[in-house]
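Here the protein sequences line up with chains A and B, keeping their order.
Per the UniProt record's numbering, residue 1 is the first one in the first sequence, and the count goes up by one each step.
Per the UniProt record's numbering, residue 1 is the first one in the second sequence, and the count goes up by one each step.
Where a beta carbon is used, it is the ideal one built from N, C-alpha and C, also for glycine.
These figures come from a predicted structure and were not determined experimentally.
There are 2 protein chains.
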Amino acid sequence: MHSQVADLIETLIHDEHSAESINKAISELTPDDVALALESIPLAQRKQAWANIKQANRLDILVEMRGESRQLLLRELDDAEIEELFTDVDAEDLLEITDSLPDRLVDLALNQMDNKQREYYQQGIVYDDDVVGRWIDHELLIASQSIRVSEALRLLKKSTPSYTDMVYLVNRTGRWVGCVKFDVLFKAQGHEPISNLIDEECSFINSETELTKAAEMLERSSLSALPVLDDNHILLGRFHAGLAMETWRLEHEAQQMATAGLNEESDLFAPVKRSAATRGIWLGINLLTAFLASAFIGIFEATLQQVVALAVLMPVVASMGGIAGSQTLTLIVRGLALGQITRSNLKSLLSKELKVGGLNGILWSIVIGVVTLWWFESPMLGLVIGLAIIVNILMAALSGVLIPVLLDKLRIDPALSGSVILTTVTDIAGFVAFLGLGTLLLL
Amino acid sequence: MHSQVADLIETLIHDEHSAESINKAISELTPDDVALALESIPLAQRKQAWANIKQANRLDILVEMRGESRQLLLRELDDAEIEELFTDVDAEDLLEITDSLPDRLVDLALNQMDNKQREYYQQGIVYDDDVVGRWIDHELLIASQSIRVSEALRLLKKSTPSYTDMVYLVNRTGRWVGCVKFDVLFKAQGHEPISNLIDEECSFINSETELTKAAEMLERSSLSALPVLDDNHILLGRFHAGLAMETWRLEHEAQQMATAGLNEESDLFAPVKRSAATRGIWLGINLLTAFLASAFIGIFEATLQQVVALAVLMPVVASMGGIAGSQTLTLIVRGLALGQITRSNLKSLLSKELKVGGLNGILWSIVIGVVTLWWFESPMLGLVIGLAIIVNILMAALSGVLIPVLLDKLRIDPALSGSVILTTVTDIAGFVAFLGLGTLLLL
Numbered sequence: 001m002h003s004q005v006a007d008l009i010e011t012l013i014h015d016e017h018s019a020e021s022i023n024k025a026i027s028e029l030t031p032d033d034v035a036l037a038l039e040s041i042p043l044a045q046r047k048q049a050w051a052n053i054k055q056a057n058r059l060d061i062l063v064e065m066r067g068e069s070r071q072l073l074l075r076e077l078d079d080a081e082i083e084e085l086f087t088d089v090d091a092e093d094l095l096e097i098t099d100s101l102p103d104r105l106v107d108l109a110l111n112q113m114d115n116k117q118r119e120y121y122q123q124g125i126v127y128d129d130d131v132v133g134r135w136i137d138h139e140l141l142i143a144s145q146s147i148r149v150s151e152a153l154r155l156l157k158k159s160t161p162s163y164t165d166m167v168y169l170v171n172r173t174g175r176w177v178g179c180v181k182f183d184v185l186f187k188a189q190g191h192e193p194i195s196n197l198i199d200e201e202c203s204f205i206n207s208e209t210e211l212t213k214a215a216e217m218l219e220r221s222s223l224s225a226l227p228v229l230d231d232n233h234i235l236l237g238r239f240h241a242g243l244a245m246e247t248w249r250l251e252h253e254a255q256q257m258a259t260a261g262l263n264e265e266s267d268l269f270a271p272v273k274r275s276a277a278t279r280g281i282w283l284g285i286n287l288l289t290a291f292l293a294s295a296f297i298g299i300f301e302a303t304l305q306q307v308v309a310l311a312v313l314m315p316v317v318a319s320m321g322g323i324a325g326s327q328t329l330t331l332i333v334r335g336l337a338l339g340q341i342t343r344s345n346l347k348s349l350l351s352k353e354l355k356v357g358g359l360n361g362i363l364w365s366i367v368i369g370v371v372t373l374w375w376f377e378s379p380m381l382g383l384v385i386g387l388a389i390i391v392n393i394l395m396a397a398l399s400g401v402l403i404p405v406l407l408d409k410l411r412i413d414p415a416l417s418g419s420v421i422l423t424t425v426t427d428i429a430g431f432v433a434f435l436g437l438g439t440l441l442l443l
Numbered sequence: 001m002h003s004q005v006a007d008l009i010e011t012l013i014h015d016e017h018s019a020e021s022i023n024k025a026i027s028e029l030t031p032d033d034v035a036l037a038l039e040s041i042p043l044a045q046r047k048q049a050w051a052n053i054k055q056a057n058r059l060d061i062l063v064e065m066r067g068e069s070r071q072l073l074l075r076e077l078d079d080a081e082i083e084e085l086f087t088d089v090d091a092e093d094l095l096e097i098t099d100s101l102p103d104r105l106v107d108l109a110l111n112q113m114d115n116k117q118r119e120y121y122q123q124g125i126v127y128d129d130d131v132v133g134r135w136i137d138h139e140l141l142i143a144s145q146s147i148r149v150s151e152a153l154r155l156l157k158k159s160t161p162s163y164t165d166m167v168y169l170v171n172r173t174g175r176w177v178g179c180v181k182f183d184v185l186f187k188a189q190g191h192e193p194i195s196n197l198i199d200e201e202c203s204f205i206n207s208e209t210e211l212t213k214a215a216e217m218l219e220r221s222s223l224s225a226l227p228v229l230d231d232n233h234i235l236l237g238r239f240h241a242g243l244a245m246e247t248w249r250l251e252h253e254a255q256q257m258a259t260a261g262l263n264e265e266s267d268l269f270a271p272v273k274r275s276a277a278t279r280g281i282w283l284g285i286n287l288l289t290a291f292l293a294s295a296f297i298g299i300f301e302a303t304l305q306q307v308v309a310l311a312v313l314m315p316v317v318a319s320m321g322g323i324a325g326s327q328t329l330t331l332i333v334r335g336l337a338l339g340q341i342t343r344s345n346l347k348s349l350l351s352k353e354l355k356v357g358g359l360n361g362i363l364w365s366i367v368i369g370v371v372t373l374w375w376f377e378s379p380m381l382g383l384v385i386g387l388a389i390i391v392n393i394l395m396a397a398l399s400g401v402l403i404p405v406l407l408d409k410l411r412i413d414p415a416l417s418g419s420v421i422l423t424t425v426t427d428i429a430g431f432v433a434f435l436g437l438g439t440l441l442l443l
């Protein structure tokens, strides 16, 4: 799989490729592979390759692209080209790309849609893009609660969509009544009313549910799909295993990118100015925290001038606090995400983390103290750094528990902002403890 | 869902709970919810709660626990209790918990298994635990290639396992021949030979495939499950959507924990000594890199003594390099994971990252230079830090591209070790540039 994509990347970058050779390569790949290859080449070549791709394949590829890549490409197209692209767009595709389009083009696409698709689009667009309601699958097996088994089987013969292992039953007003699993249906007699076969344990998902929560519910159900209902129990469609797998895959990518303050939609070859701008914001936030730490060091300028070894060892104190703190933070952030942390176990947890911190603090303060003693031949300096390490690791354990819990209470995602705040706290606590003790004991 | 778990946690921590009240609460929850609640309370209470849980529910709960939590619990049980626990264990459960068991107990469990399950266990255990072969699902619809449609439909009536949307066909020796989708089967005539209906596009997964790769393949197929074959095309079983969803969910958790050098199996209330030991290793590795940075600062002791402001500003230089580097690193690590980065686009990528770094370097060096000028009233110091920032951000861009690519070539996972190596490089480069320029221009 990957090597075919690599081949296509190679072709698109190097060769004086013809439209024919590209379209031949594309015909053997899925649209998401082609999208990936396009995202892997510089913008100039990407534009050229796009011009050579057959109109019929373009929309599918565009839909599979990451947000920023798609925006960059759409920027290069004129309205006539975009209009042509959208002659055949359905609700699901338009919902996927709508955030990268100006309103004018969304309207243009909507005007070309049939009524059913337009209705689906308008149902979906009212939901945020991390919510099930936005990504509902509308291909489903649906039957009136008043039919018999034989009629349900006939329905099944007509068409069985992917990820289907049950028939959903509704009443006359479209309200969900329940579901009948295939294996029950297959065993039943043809004349039996289907409403006798309803699965009492069948669950459903509310359309306002977050995607990751919905994926967890689907996994627990051991079913290939669950019905999605609105607040009035009207059956809107399904959330199926394909959507759940996609949810987790993208969540995984988003989490990885977020650790560096990046968005998962980022393009590998975004224009320099644009990349510099998005990354600059994160650099600026971190610069503020670094200057804050510097300001605290500045308080001790006089001490540093007399004992320059303190300056040399500052990174050691900061590093130990930062690492110990992020270990505690990570454990707590996971616990919060899993719903493990409640008022009742917070105290035991804090006490356990402080004990772990104390033990590692003592152990590493001895190691660091001895290395310092040997390096600078000053027992007093060894004592100062040893004490500072213990203080900083304990402070790290305390902040590692309290910062995420506090952020969570304030409804701020601790996975995103926790680590910047924590590092700032441990940096400052470490420098103040180290340089403060140095001032007291070494001058 | 979460609030029920929270209630159970509360009950288990506070109340003088009776066996009856626990088992009542448990009967309303799934085994993984109970496992989660047990993992959320201190070890003493956990042991007590376990003693009150009915024997019939224990194995399911144990299987759902995270590795470390399971180990901690098993350590408390004597052999008779464990033997009782394992009277009813199947291959899948034993494969899940086998790594937390001593060999003696694995043998004990195997002795109580029936032949079929023991065979499945022995088939699975030869694979690593991140490989499909280990987690194969053995409940599947399988038919001889020589039967007719009507016979296949009868098979379906007998039992339809979860996540099933096709029948797998094998020849007499158990080799995979192909698959027939339900929607084709339902439309066919009863007397038609099933081998006429084989889906030409049906793909399969080799048993050596990594779990995340398998999940991607399954997602692309739009099927609920794919057949898993060994190298000789013998049909071993299935990889289904439930396994794929679990794979991603656990991968997501593992990635989060790995950022702090932790394992996803870590217990929230692991004993203090044990936690301290595992975390201590990561602290030690980072300590080495911090001392390395200190050693480089030490070279410039004489300079620091004369210009103490350099010491005050060191965190700013280190922070900017570290953040800029990790942004590039993250983008490249994702690109490598997606298969986007090849020999052919590496040069364009490096040049683009250097341009982004150059732009941000110039911008932020001006900001930082001006702040420094204003703070320390020294234009020369402003110049020194400005130049150091540019050098360090360019160095960060260079290392951010080259370190992960190099690690990948050496078959070391850049997602794990990349960030430690990168920070060490940017720290040292930053300090040397800053203090070196300071020595040249300020003394």
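Cα separation between B:ILE268 and A:LEU437? With the sequence shown as reference, residue 268 of chain B is identified as Leu, and Ile is not the correct amino acid for it. Their Cα atoms are separated by approximately 34 Å.
For the pair the segment 254 to 270 of chain B and the segment 157 to 172 of chain B, tell me if three or more CB-CB distances fall below 8 Å. no
Mapping the DSSP letters down to three states, classify B:GLU246 as helix, strand or coil. helix
So what does DSSP say about A:LYS181, is it helix, strand or coil? strand
What residue ranges within the segment 42 to 81 of chain A form continuous alpha helix (DSSP H) runs of no fewer than 4 residues, ordered along the chain? 43 to 52, 55 to 64 and 67 to 76
Under a CB-based cut-off of 8 Å, is A:LEU441 close to chain B? no
Would you say the segment 14 to 28 of chain B touches the segment 40 to 58 of chain B, given that touching needs at least three Cβ pairs under 8 Å? yes
Leaving out the 5 sequence neighbours to the left and right, which residues in its chain are closer than 8 Å to A:GLU96 when beta-carbon positions are compared? VAL63
Taking Cβ-Cβ distances shorter than 8 Å, what residues in chain A pair up with B:PHE291? VAL316 and VAL371
Nearest to B:VAL170 by alpha carbon, out of B:LEU153, B:LEU141 and B:SER150? B:LEU141
With burial defined as no fewer than 16 other Cβ atoms inside 10 Å of the residue's Cβ, what is the status of B:THR247: buried or exposed? buried
Strictly below 7 Å CB to CB, what residues from chain A border B:ASP183? SER159 and THR160
Please decide whether B:ILE147 counts as near chain A, where near means a Cβ-Cβ distance under 8 Å. no
For the beta strand (DSSP E) holding B:ILE142, just list the boundary residues, first then last. 142 to 144
Judging by CA-CA distance, which residue of B:ILE125, B:ASP88, B:THR87 and B:LYS116 is the nearest neighbour of B:THR98? B:ILE125
Of all the options B:HIS252, B:GLY400, B:GLU139 and B:LEU108, which has the alpha carbon lying nearest to the alpha carbon of B:GLY335? B:GLY400
Among the residues of its own chain, which have a CB less than 7 Å from the CB of B:ILE323, if the five just before and after it don't count? none
For the beta strand (DSSP E) containing A:ARG238, name the first residue and the last one. 235 to 240
Whole-angstrom C-beta distance between B:LEU223 and B:ASP230, which should lie under 8 Å: No, B:ASP230 and B:LEU223 are not in contact; Cβ-Cβ is about 20 Å, not under 8 Å.
Cα-Cα, which of B:LEU74, B:HIS138, B:ALA109 and B:LEU354 is closest to B:GLU83? B:ALA109
For the beta strand (DSSP E) containing B:MET113, name the first residue and the last one. Element bounds for B:MET113: n/a, residue is neither H nor E.
CB contact below 8 Å: B:GLY427 versus chain A: Contrary to the premise, residue 427 of chain B reads as Asp rather than Gly in this sequence. Cβ-Cβ to chain A under 8 Å: yes for B:ASP427.
Count the other C-beta atoms from every protein chain shown that fall within 10 angstroms of the C-beta of A:MET1, then say buried if there are 16 or more, exposed otherwise. The predicted model places A:MET1 with a pLDDT of 46, which falls under 50 and marks its position as unreliable; any figure quoted below should be read in that light. That one is exposed.
When the Cα atoms are used, what is the spatial distance from B:MET217 to B:TRP135? 16 Å
Below 8 Å on C-beta distance, what does B:PRO42 contact in chain A? ASN345, SER348 and LYS352
Could you check what DSSP says for B:GLU210 in three-state terms: helix, strand or coil? strand
Beta-carbon separation of A:SER294 and B:LEU313 under 8 Å? yes
Determine, for B:ALA388, whether the minimum Cβ-Cβ distance to residues of chain A falls below 8 Å. no
Within the 8 Å Cβ cut-off, does B:TRP50 reach chain A? no
Considering just the uninterrupted stretch of the beta strand (DSSP E) at B:ALA188, what are its terminal residues? Here B:ALA188 belongs to no beta strand (DSSP E), and DSSP marks it neither H nor E.
Would A:PRO193 be called buried (16 or more neighbouring beta carbons within 10 Å of its own) or exposed? exposed
Between the beta-carbon of B:ASP33 and the beta-carbon of B:GLN4, is there less than 8 Å? yes
Against chain A, does B:ILE9 count as a neighbour if the rule is that its beta carbon must be under 8 Å from one of theirs? yes
Where the beta strand (DSSP E) containing A:PRO227 begins and where it ends: 225 to 229
Three-state secondary structure assigned by DSSP to A:TYR168: strand
Alpha-carbon spacing of B:LEU101 relative to A:ILE368, whole angstroms: 37 Å
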